[in-house]
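K.L.:
Everything in the sequence shown is counted per full-length UniProt numbering, starting at 1 for the first residue and increasing by one. Backbone N, C-alpha and C fix where the C-beta goes; we use that ideal spot for every residue, glycine too. Just so you know, these numbers come straight off a predicted model, no measurement behind them.
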Amino acid sequence: MGRTLAVPKVYRIYAPSSQKNSEGMTAGRLCQSYCFYKIGAYINFYRPRESVQHLVSAQTWSFASTDKLPNGWVTLLHPEGARYFSHPDRRIFTDVNVCEPQNLANVNQVVQRVLDNICVAGNEIPSCYAALSTGAPNPHFLVDLVIDLAPWDSHPTTGDYYFVNHAERCPFWLEDLPADDLDLWYSIEGPIQGEQLRHLMEYQYWQHCNMFPNALPLTQRLINELQDSIVYAIADVSTSLTSTVSRPVEDLKTWLSLVKHLECTHDSDEGLGYGFTFARLMDQFAKDRFDNFHGLPHARLNQDQSVYDPPGVTPRRSYWIICFSPILFFAPEVYLQSLEKSYVDRTVLLRLWKPLIHKLNTEWMDFILFTTVILNANVAFLSITSVDTLTDNGRHPLVQIASYLSIVTSIGSFSLGQLLVRQNRTKFHESASDISASVSRRSSKKYGLELLALIWALPYSLLMWSMIFFFVAFATECLRVPDPVTRSIIGVATAVLAVLVLWCIWDAWDMQDAHRPPTLFKWSRAIRDALHPIFSSPVSTKKKSRLSKLFSIRVAEKDIPAA
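Structure, rendered in structure tokens:
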């Protein structure tokens, strides 16, 4: 996995002096998406392709690194394969190869500049930085310093940094940092309050522990905390259809089995896989808490609940979707409802998205099979001599035109189905952020997800029109038979079949009262009730609280006995 983070802006803290020099220290940058900082000058990402002959010396029984580590420094191999360095006594972590004397000198200069900026406001260094200044860490108040040099800068002592407070699970800096530089900041809209910012910083904290697995000693209390979160998530997903847990129950059960094998770590160089696994799972729960506004009055309690729209507001449809939906057999509305359930507030819920995409791919593959059958039927139908003839005035009869239309719509359904299946197989099985970005690009400010739902509905709709055109062609050819008895039998059979099909469609329709009229003479009222939430302005209803699920008795002021 790559270890590169592009820093769009540079913020510097200058050395504390009356005159600022040209050398500075950039404000710290947090990792984003398991990518770390720019260390291309110190780790060779490119390996030459040319083969070089190398001999294994006789009686060589060890291939341990011969690099001499500076005093106090240790080197560790990340489970993903990257090598990093740490100073356990001073709680310093870096990806810079400190085995090279010049790199070590530059790192020490950056660390000293950090210390100078810490005590610039006073004469003494606060106790929380005791490990950094004296090399004696406080086990009850661990503070890490992460340093990286800036090889792209003209000054070798310019570096990136950030601190981490393990007690509060929060990174921090010595100066103000624009919050929009943080990962996940743009995944939500509107102002971010302190409680939600805490979840965001905790997510970044677990990313730090993910980068440096030996930074946090793994205790039984931490393991129990993670196990408690996973057990709750499994119970919530298993018992609630609207759970906000982003992962499917199969993944959660796998996580639980992993947690049962975690062991406590005491030494800094043991259990790196345990620490990495623990941090990777913890940051998933921190991200879910951030996305669902945990701890805030408008916390998302159901997966299909939007925190931006007033509760009880029926989504309004554009006139385009209202006009095209009946022509397309109301398929866009069905797909649109599925999209709105799995894509809420510009965020995709993977637990619902993956089954939806799997279902769509299966449907489109079935539609492709059906279109090939109809194509073959049309080709065979047009090969009939009585069908493949022109009228007396040299024009194509209705039976041929209907069959041609059936072929055209079949080809359209086949082509769109193939494109959508390929697109969903290659682009939609990605991370939640990538899928959300992809859906966001396909949505519109004016029409929302309606255009995407319209595209998804085309294979089914064109297939239905192809069947209808083929039926029209076949029925027309049958009704051209001069025998009145045959025409009567075919006409009655067609009418009975049409009634049965319409009955089946009506019975499978949404069972809500606004969509299904109780009696035939109430059609107009049912249609009006169905279209009322579409054309009317949004009407907000009172949001139900968590306690609305319980029985309660309202106590009025007059019911309270006087003291």
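At a cut of 8 angstroms, does the stretch 413-427 reach the stretch 358-377 through at least three beta carbon pairs?
P.N.:
Contact holds: three or more Cβ-Cβ distances are below 8 angstroms.
K.L.:
Is His396 near the ligand GDP, going by C-beta to nearest heavy atom under 7 angstroms?
P.N.:
No copy of the ligand GDP occurs in the structure displayed, which carries no ligand at all.
K.L.:
From Gln102 to Leu115, what does the alpha carbon distance come to, in whole angstroms?
P.N.:
For Gln102 and Leu115, the distance between alpha carbons rounds to 20 angstroms.
K.L.:
Between Lys287 and Tyr203, how many whole angstroms is the CB-CB distance? I'm expecting something under 8 angstroms.
P.N.:
About 5 angstroms; that satisfies the 8 angstroms criterion.
K.L.:
With DSSP as the reference, label Cys170 as helix, strand or coil.
P.N.:
Strand at Cys170.
K.L.:
Could you say which of Leu352, Glu80 and Val164 lies nearest to Gly273 if we only look at CA atoms?
P.N.:
Looking at the Cα atoms, Glu80 is the closest of the given residues.
K.L.:
Cβ of Leu339 within 8 angstroms of Cβ of Ala453?
P.N.:
Contact: yes.
K.L.:
Give a yes or no on whether the C-beta atoms belonging to Thr94 and Val143 are separated by under 8 angstroms.
P.N.:
No.
K.L.:
Would you tell me roughly how many angstroms separate the C-alpha atoms of Ser342 and Gly491, rounded to the nearest one?
P.N.:
Going from the Cα of Ser342 to the Cα of Gly491 covers about 45 angstroms.
K.L.:
Which same chain residues end up closer than 7 angstroms to Val472 when comparing Cβ atoms and leaving out the 5 residues on each side of it in sequence?
P.N.:
Ala402, listed in sequence order.
K.L.:
In three-state DSSP terms, what is Asn165?
P.N.:
In this structure, Asn165 counts as strand in the three-state DSSP scheme.
K.L.:
Could you spell out where the alpha helix (DSSP H) holding Phe324 opens and where it closes?
P.N.:
Unbroken alpha helix (DSSP H) run through Phe324: Tyr319 to Ile327.
K.L.:
Counting only the same chain and skipping the five closest in sequence on each side, list residues whose C-beta sits under 7 angstroms from that of Ser478.
P.N.:
Correcting the residue identity first, residue 478 is Cys in this sequence and not Ser. For Cys478, where only same-chain residues beyond five positions count, the Cβ hits under 7 angstroms are Ile490.
K.L.:
Thinking Ile234 and Leu256 are a contact (beta carbons under 8 angstroms), I'd like their distance in whole angstroms, please.
P.N.:
Yes, Ile234 and Leu256 are in contact; Cβ-Cβ is about 7 angstroms, under 8 angstroms.
K.L.:
For Ile384 and Pro355, what's the separation of their Cα atoms in angstroms?
P.N.:
Approximately 44 angstroms between the Cα atoms of the pair.
K.L.:
Taking all protein chains shown into account, do 16 or more other C-beta atoms lie within 10 angstroms of the C-beta of Ser461, making it buried, or fewer, making it exposed?
P.N.:
By the 10 Å Cβ count, Ser461 comes out buried.
K.L.:
Between Leu328 and the rest of its own chain, which residues show a CB-CB distance below 7 angstroms, the 5 nearest in sequence each way excluded?
P.N.:
Hits under 7 angstroms: Ala457 and Ser461.
K.L.:
Any idea what DSSP makes of Val344, helix, strand or coil?
P.N.:
In the structure shown, Val344 sits in a strand (DSSP, three-state: E or B).
K.L.:
Below 8 angstroms between beta carbons: does that hold for Gln303 and Thr244?
P.N.:
For Gln303 and Thr244, yes; Cβs fall inside 8 angstroms.
K.L.:
Please report the residue range of the alpha helix (DSSP H) in which Phe381 lies.
P.N.:
Phe381 -> alpha helix (DSSP H) spans Leu350 to Leu382.
K.L.:
Excluding sequence positions up to five away, which residues of its chain have a Cβ less than 6 angstroms from the Cβ of Glu225?
P.N.:
Result list for Glu225: empty, nothing under 6 angstroms.
K.L.:
Measuring alpha carbon to alpha carbon, tell me which residue in Thr242, Arg280 and His208 is nearest Ile223.
P.N.:
Out of Thr242, Arg280 and His208, Arg280 has the C-alpha closest to the C-alpha of Ile223.
K.L.:
Would Met467 and Ile374 qualify as a contact pair, given that the criterion is a beta-carbon distance under 8 angstroms?
P.N.:
Closer than 8 angstroms, so yes.
K.L.:
Do you know whose CA, among Glu450, Ile455 and Ile407, lies nearest Gly417's CA?
P.N.:
It is Ile455 whose Cα lies nearest to the Cα of Gly417.
K.L.:
Using the three-state DSSP reduction, which class does Asn138 fall into: helix, strand or coil?
P.N.:
In this structure, Asn138 counts as strand in the three-state DSSP scheme.
K.L.:
If you follow the alpha helix (DSSP H) that Tyr203 is part of, which residue opens it and which one closes it?
P.N.:
First-last of the alpha helix (DSSP H) with Tyr203: Gly194 to Met211.
K.L.:
What does a CB cutoff of less than 8 angstroms around Leu252 pick up in its chain, not counting 5 residues either side in sequence?
P.N.:
So the qualifying residues of the chain are Ile230, Ala233, Ile234, Val237 and Val245.
K.L.:
Here's a check: name, in chain order, each residue in its chain whose Cβ is nearer than 7 angstroms to the Cβ of Ala377, leaving out the five neighbours to either side.
P.N.:
Counting only Cβ-Cβ distances below 7 angstroms, and skipping sequence neighbours, we find Phe470.
K.L.:
How would you call Gln207, buried or exposed, if buried means at least 16 neighbouring beta carbons within 10 angstroms?
P.N.:
Answer is buried; the Cβ neighbour count reaches 16.
K.L.:
Count the other C-beta atoms from every protein chain shown that fall within 10 angstroms of the C-beta of Asp160, then say buried if there are 16 or more, exposed otherwise.
P.N.:
Asp160 is buried by the Cβ-count criterion.
K.L.:
From the DSSP output, read off the bridge partner residues of Thr75.
P.N.:
Phe85, per the DSSP bridge assignment.
K.L.:
What does DSSP give as the partner residues of Thr94 in its beta bridges?
P.N.:
Thr94 is bridged to Phe85 and Ile147.
K.L.:
Buried or exposed for His298, please, with buried defined as at least 16 other CB atoms from any protein chain shown within 10 angstroms of its CB.
P.N.:
Exposed, since its Cβ has fewer than 16 Cβ neighbours within 10 Å.
K.L.:
Between Ala131 and Arg91, is the Cβ-Cβ spacing less than 8 angstroms?
P.N.:
Their beta carbons are under 8 angstroms apart, which means Ala131 touches Arg91 by this criterion.
K.L.:
Below 8 angstroms on the Cβ atoms is my guess for Pro137 versus Asp89; work out the distance and round it to an integer in Å.
P.N.:
About 7 angstroms; that satisfies the 8 angstroms criterion.
K.L.:
Can you give the Cα-Cα distance for Ile357 and Leu405, rounded to whole angstroms?
P.N.:
Going by the C-alpha atoms only, they are around 30 angstroms apart.
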